[in-house]
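S.K.:
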Amino acid sequence: MVLYTSPFPNSFLSVLHSFSWALIFPCYWLADRLVGSFVPTTYEKRERADDPCYFHALCIIITTPIYLALLVASLPFALIGFLLWSPLQSARRPYIYSRLKDKNHANGATLLTEWKAAGSGKSFCFGSANVCLLPDSLARFNNVFNTQARAKEIGRRIRNGASRPQIKIYIDSPTNTSISAASFSSLVSPQAGDNRTVNAGIKRTTSMEYKGDNCGSNNGEENREDKGGSAEPHEGEENTCIVRINGEENGHMSDTETDTVNGQARASGPAEPSLEGDAEISKTPNHKQKEGDSGSLDSCSASRESLVKVRVGDGTVDQSTVNNKLLYKASIMKKTSVRKKKHTDETFDHEISAFFPANLDFLCLQEVFDKRAAEKLKEQLHHYFEYIVYDVGVYSCHACCSFKFVNSGLLFASRYPVMDAAYHCYPNGRGMDSLASKGALFLKVQVGSTPQDQRIVGYISCTHLQAIAGDTTVRCEQLDMLQDWLSEFRKSTSSSSTANPEELVAFDVLCGDLNFDNCSSEDKLEQQHSLFTHYKDPCRAGPGEDKPWAIGTLLDPEGLYDEEVCTPDNLQKVLESEEGRKGYLVYPTSKNHSSSQKGRKASLKGNGRRIDYMLYTEEGLYLEWKVEVEEFSFITQLAGLTDHLPVAMRLTVSTGEDDP
């Protein structure tokens with residue numbers, strides 16, 4: 001299948017489209033500014049509350065007639081442009097595929113090595129987020145503003161979080177099988193090439209062996225010699241460090257260990273420079289970095305989960321006193337223990353993290369509706385992802401029943417090459433949703449090859465369903481269509497047969513904003529849909545019931561700029577408590593309970609409306625391989641930039657060869 005790298009089949013149509021949009025844009029921009037000036041966000045209201053001279057009201061009185069006059073003057077040109085633009089959409093392609101040609105521009109893509117499926121397996125990390133990049137006047141109805149600046153900051157935070165070095169923690173302790181109590185997702189690491197042992201105690205553990213940055217073959221050799229049965233690093237994992245934690249009966253450090261730590265603190269070198277663009281200061285107030293904000297990894301202060309604490313004698317010493325300067329903030333990917341974890345019987349890790357996972361491989365975004373914002377977002381993401389599919393959807397009356405003013409809002413980014421892509425538009429949208437070409441994007445990626453030159457591929461699908469409350473029937477119809485399209489895409493892109501497999505399928509993942517939750521009584525039909533018999537939801541205990549650790553992903557728009565939640569660290573801390581979730585997450589509505597928000601939330605089960613999903617299936621994969629969830633994360637790194645919580649899932653593909 002040919003991937004479309006431009007929106008039109010020839011340059012003449014592209015030039016004509018650009019000319020028509022140039023005629024439309026002044027009218028569009030003026031209308032957007034005019035409407036936006038009458039829809040203030042809560043942040044702007046608080047800023048203006050201290051204005052004794054009503055300066056803003058005076059500005060609106062002066063600028064409104066000017067905007068109206070210019071808008072009327074631009075209408076004839078916009079009409080001519082629209083008459084040219086609308087018929088051109090019949091020739092427009094359903095997406096644009098962008099590949100980074102200069103790999104030196106990317107921080108993450110160049111680190112990939114081809115997976116040969118000769119080792120014990122490999123892990124793949126998937127992320128999904130609704131980023132609310134609507135035209136500014138419409139975004140304000142969700143209490144977010146300055147779409148262009150937000151798009152740039154969102155891309156910067158995502159690629160900064162994903163490009164951190166990954167640190168794996170292997171725990172050997174008879175008394176403590178998890179470090180979840182410490183709530184760590186980042187760790188201060190030594191400089192590259194520094195292989196000295198770091199002795200530090202984490203809770204009941206008293207020594208950790210740091211094996212250096214990008215350990216390479218040394219990790220495999222030491223792991224093979226490990227008599228404790230620790231798993232070997234998965235083949236092809238990049239930018240990964242290994243930390244061994246050995247438990248002892250006492251929880252304190254010896255004098256020798258203390259001297260070693262103190263000596264390392266004195267030997268700490270200067271911090272590495274931040275990633276490109278980190279020094280930029282956004283003009284948008286809600287994007288300012290505050291104390292404790294780790295969203296962009298350039299904060300001078302570390303978050304609670306960013307600090308590894310060591311014990312010296314009877315006191316607790318902050319790791320920041322051990323390492324004078326933060327060199328990296330690297331995520332800790334905790335090894336799942338054979339024993340059951342405290343308060344849960346899950347076989348995988350789960351957390352609320354202030355960062356996107358390190359070594360994020362695939363990213364699916366929703367509500368990237370604004371074209372200019374999509375370009376800014378793509379430019380930032382290309383610092384990490386080599387392959388991006390954006391501007392997905394159809395316009396005008398092409399291929400759908402009703403007129404479409406904006407695209408689907410879907411965007412896909414990958415570190416692995418895209419082999420095939422397809423898009424389908426839901427024809428049954430209602431209300432405001434019918435003005436957007438909401439649909440589903442299907443992708444096939446190549447993640448490696450076998451020694452016999454068989455391709456190893458994976459399937460990823462991204463979608464955004466009907467949003468209007470009460471449209472249960474519409475969403476169920478869309479789920480039916482989604483299942484049919486998934487099957488068709490697999491059949492049309494498969495080049496293998498059972499007798500002669502040319503391709504081995506490693507994973508099949510479905511993610512997106514489904515606009516229904518698994519706990520609301522109003523969403524029973526969606527909860528019982530047959531999609532969930534084919535695809536597994538790691539957060540779901542069954543129809544109508546989520547697992548205790550799962551939380552909602554829809555934030556209360558009114559509280560986006562509260563000081564308690566306006567930074568990634570603060571939002572993470574709030575969501576870790578039940579009372580905090582009740583104050584800042586949207587919960588299902590119910591006619592049977594009090595209209596008081598706090599009282600209504602307290603009486604409902606669950607931890608908020610979880611409408612953003614990450615699903616996977618074991619059907620149709622290579623029979624000799626096994627897919628398991630390694631970790632699941634709810635991410636707060638986009639605090640203040642969107643009204644949704646991103647989610648991430650790491651899958652491990654076990655090949656059955658040399659498995660421990």
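Numbering (full-length UniProt numbering), first residue to last: 1 to 660. Note that CB positions come from ideal geometry on N, CA and C, so glycine has one too.
Could you check whether Asp349 and Arg415 sit closer than 9 Å to each other, using their CB atoms as the reference points?
M.R.: Against a cut-off of 9 Å, the Cβ pair of Asp349 and Arg415 comes out as no contact.
S.K.: Which residues does DSSP pair with Ser20 in a beta bridge?
M.R.: Paired residue(s): none; Ser20 is not in a bridge.
S.K.: Considering Asp349, what are the terminal residues of the beta strand (DSSP E) in which it resides?
M.R.: Run containing Asp349: 349-353, per the beta strand (DSSP E) assignment.
S.K.: So the beta strand (DSSP E) Arg99 belongs to, where does it begin and stop?
M.R.: Segment 96-99, the beta strand (DSSP E) holding Arg99.
S.K.: Between Ala422 and the rest of its own chain, which residues show a CB-CB distance below 7 Å, the 5 nearest in sequence each way excluded?
M.R.: Cβ within range, chain order: Phe442, Phe489.
S.K.: For Cys364 and Cys511, which I take to be in contact (beta-carbon distance under 8 Å), what is that distance rounded to the nearest angstrom?
M.R.: Between Cys511 and Cys364 the Cβ distance is about 5 Å, and since that is below 8 Å, they are a contact.
S.K.: I need the straight-line Cα distance from Pro646 to Ser74, nearest angstrom please.
M.R.: Taking the straight line from one Cα to the other gives about 39 Å.
S.K.: By DSSP, does Ser294 sit in helix, in strand, or in coil?
M.R.: Because the pLDDT at Ser294 is just 47, under 50, the model does not fix this residue reliably, and the value given afterwards should be weighed accordingly. It is coil, neither helix nor strand.
S.K.: Beta carbon of Ile96, beta carbon of Tyr390: below 9 Å?
M.R.: Their beta carbons are under 9 Å apart, which means Ile96 touches Tyr390 by this criterion.
S.K.: Going by other Cβ atoms of all chains shown within 10 Å of its Cβ, with 16 needed for buried, is Gln452 buried or exposed?
M.R.: Answer is exposed; the Cβ neighbour count stays below 16.
S.K.: Is it right to say Cys59 is buried, meaning 16 or more other beta carbons lie within 10 angstroms of its own, or is it exposed?
M.R.: Under this definition Cys59 is an exposed residue.
S.K.: I need the straight-line Cα distance from His534 to Thr473, nearest angstrom please.
M.R.: Near 20 Å, if we compare the C-alpha coordinates of Thr473 and His534.
S.K.: Which residue marks the beginning of the alpha helix (DSSP H) containing Lys122, and which one marks its end?
M.R.: Premise fails: Lys122 lies in the beta strand (DSSP E), 121-133, not in any alpha helix (DSSP H).
S.K.: Among the candidates Thr652, Leu641, Arg610, Ala354, whose CA atom is the shortest distance from the CA of residue 675?
M.R.: Residue coverage of the chain in this structure runs from 1 to 660, which leaves residue 675 outside it and unanswerable.
S.K.: On the criterion of 16 or more Cβ atoms from any shown chain inside 10 Å, does Lys340 qualify as buried, or is it exposed?
M.R.: In this prediction, Lys340 has a pLDDT of 36, which is less than 50 and means its spatial position is unreliable; what the coordinates show is noted afterwards. Answer is exposed; the Cβ neighbour count stays below 16.
S.K.: In whole angstroms, give me the CA-to-CA distance for Ile456 and Glu558.
M.R.: Going by the C-alpha atoms only, they are around 46 Å apart.
S.K.: In terms of alpha-carbon separation, which member of Asp612, Thr642, Tyr622 lies closest to Ser128?
M.R.: Ser128 has its Cα closest to that of Asp612, out of Asp612, Thr642, Tyr622.
S.K.: Can you give me the Cβ contacts of Ala467 inside the same chain, cut-off strictly under 7 Å, excluding the 5 residues immediately before and after it?
M.R.: Around Ala467: Asp433, Asn515.
S.K.: Given a cut-off of 9 Å, decide if Ala639 and Tyr384 are closer than it, judged by their beta-carbon atoms.
M.R.: No; because the gap between Cβ atoms is not below 9 Å, this pair is not in contact.
S.K.: Assuming contact is defined by CB atoms lying nearer than 9 Å, are Val392 and Leu3 in contact in what I supplied?
M.R.: Not closer than 9 Å, so no.
S.K.: Compare the C-alpha of Ile352 against each of His644, Val131, Glu576 and name the closest.
M.R.: Cα-wise, what sits closest to Ile352 is Glu576.
S.K.: Only counting the same chain, and skipping five residues up and downstream in sequence, which positions put a Cβ closer than 7 Å to that of Arg475?
M.R.: Closer than 7 Å at the Cβ level, and outside the excluded window around Arg475, lie Leu465, Gln466, Asn515, Phe516, Glu526.
S.K.: How would you write the range of the alpha helix (DSSP H) that Phe77 sits in, first residue to last?
M.R.: Note, Phe77: alpha helix (DSSP H), 55-88.
S.K.: What are the boundary residues of the beta strand (DSSP E) that includes Val505?
M.R.: Per DSSP, Val505 belongs to the beta strand (DSSP E) from 503-513.
S.K.: If you reduce the DSSP assignment to three classes, tell me which class Ile158 lands in.
M.R.: Correct three-state label for Ile158: helix.
S.K.: DSSP beta-bridge partners for His424?
M.R.: According to DSSP, which records beta bridges pairwise, His424 is partnered with Ala440.
S.K.: Please state whether DSSP places Ala648 in a helix, a strand or coil.
M.R.: In this structure, Ala648 counts as strand in the three-state DSSP scheme.
S.K.: Taking the straight line between their C-alpha atoms, what separation do you get for Leu13 and Trp21?
M.R.: Whole-angstrom Cα-Cα distance: 12 Å.
S.K.: Whole angstroms is fine: what's the gap from Ile66's alpha carbon to Leu410's?
M.R.: Cα-Cα distance, rounded: 35 Å.
S.K.: Going by Cα to Cα distance, which pick from Phe355, Val565, Gly431 is closest to Pro165?
M.R.: Nearest C-alpha to Pro165: Phe355.
S.K.: Would you report the Cα separation of Lys491 and His382, rounded to the nearest angstrom?
M.R.: Roughly 31 Å separates the two Cα atoms.
S.K.: I need the straight-line Cα distance from Ala373 to Leu623, nearest angstrom please.
M.R.: Using only the alpha carbons, I get a separation of about 42 Å.
S.K.: With C-beta atoms as the reference, is Gly155 less than 9 Å away from Lys376?
M.R.: For Gly155 and Lys376, yes; Cβs fall inside 9 Å.
S.K.: Here's the rule: buried if 16 or more other CB atoms are within 10 angstroms of the residue's CB, otherwise exposed. What is Glu579?
M.R.: When all chains shown are included, Glu579 counts as exposed.
S.K.: From what residue to what residue does the beta strand (DSSP E) around Ser163 run?
M.R.: Ser163 -> no beta strand (DSSP E), and no H or E assigned at all.
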